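Q: This structure is in structure tokens; I'll ask about it shortly.
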Amino acid sequence: MAAPAERVRKGISTAGTEFLRDRGFTLLELIVVMALMAILMTVVPPMISSALPGTQLKSASRELAAGLRYARNHALTVREEATLTVDVEKHSFQITGRKKNYAIPANLKIEILTAESETLGENIGAIRFFPDGGSTGGRITLSYGERGFGVDVDWLTGKVRILDVEPNS
């Protein structure tokens with residue numbers, strides 16, 4: 001007769017016990033992460049601040065175009081003339097029927113080309129919209145450094161467009 005089989009007892013796996021001992025990070029890992037954070041904090045802010053004027057330029061051009069479109073739509077719906085007046089010195093513009101002065105960032109250069117009848121002084125000019133959809137026409141150029149946007153208004157249709165332009169030095 002054969003010998004009775006021995007009972008083999010398998011132990012419980014110890015795979016999970018190492019995890020309990022290695023909680024947290026080593027000092028070396030913390031130093032490496034801190035060094036990377038320091039490098040990022042010195043490199044990223046200049047990248048963001050150099051992009052800021054370009055963002056302001058585009059945003060101000062869009063806001064100006066929106067104001068011109070509002071003035072045109074106001075003239076069409078109310079059936080009376082509406083103007084958008086730009087004050088180059090104060091870096092602002094105002095729309096007929098609105099008391100608010102809209103600010104244009106001070107670091108942007110502003111030039112306005114409009115009809116002589118709409119020039120209200122050396123630094124103030126306007127673009128007028130008529131109830132039939134037409135306008136006096138003109139261009140308001142905003143620029144910063146080597147980049148510029150021209151907000152054009154067609155005199156016949158009153159259509160407003162934003163164009164990339166070469167800024168005048």
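Counted the way UniProt numbering counts, the sequence shown spans residues 1 to 169. We put the CB at the ideal spot given by N, CA and C, even for glycine. Bear in mind that the values here come from a model prediction, so they are computed numbers and not experimental data.
(1) Less than 8 Å between the beta carbons of residue 83 and residue 128, yes or no?
(2) Could you check which residue in 159, 148, 39 has the C-alpha nearest to that of residue 61?
(3) Give the range of the beta strand (DSSP E) segment to which residue 128 is assigned.
(4) With 16 other CB atoms within 10 Å as the buried threshold, where does residue 132 fall?
(5) Please report the distance separating the alpha-carbon of residue 166 from that of residue 146.
(6) Just to confirm, are residue 91 and residue 112 a CB contact at a threshold of 8 Å?
(7) Are residue 125 and residue 114 close, meaning C-beta to C-beta below 8 Å?
(8) Here's a check: name, in chain order, each residue in its chain whose Cβ is nearer than 7 Å to the Cβ of residue 118, leaving out the five neighbours to either side.
(9) Rounded to whole angstroms, what's the CA-CA distance from residue 164 to residue 99? Just pull it up for me.
(10) If you count every other CB in all the chains shown that lies within 10 Å of the CB of residue 106, and 16 or more means buried, which is it?
(11) For residue 158 versus residue 102, is the C-beta spacing smaller than 8 Å?
(12) My guess is that residue 69 and residue 160 are in contact by the Cβ rule of under 8 Å, so how many angstroms apart are they, rounded?
(13) Just mark residue 97 as buried or exposed, buried being the case when its beta carbon has 16 or more other beta carbons within 10 Å.
(14) Could you tell me which of 72, 32, 86 sits nearest to residue 122, measuring between CA atoms?
(15) Go ahead and label residue 28 buried or exposed: buried means 16 or more other beta carbons lie within 10 angstroms of its beta carbon, across all protein chains shown.
A: This is what the structure holds:
(1) yes
(2) 148
(3) 124-129
(4) exposed
(5) 7 Å
(6) no
(7) yes
(8) 125, 126, 127, 128, 136
(9) 30 Å
(10) exposed
(11) no
(12) 5 Å
(13) exposed
(14) 86
(15) exposed
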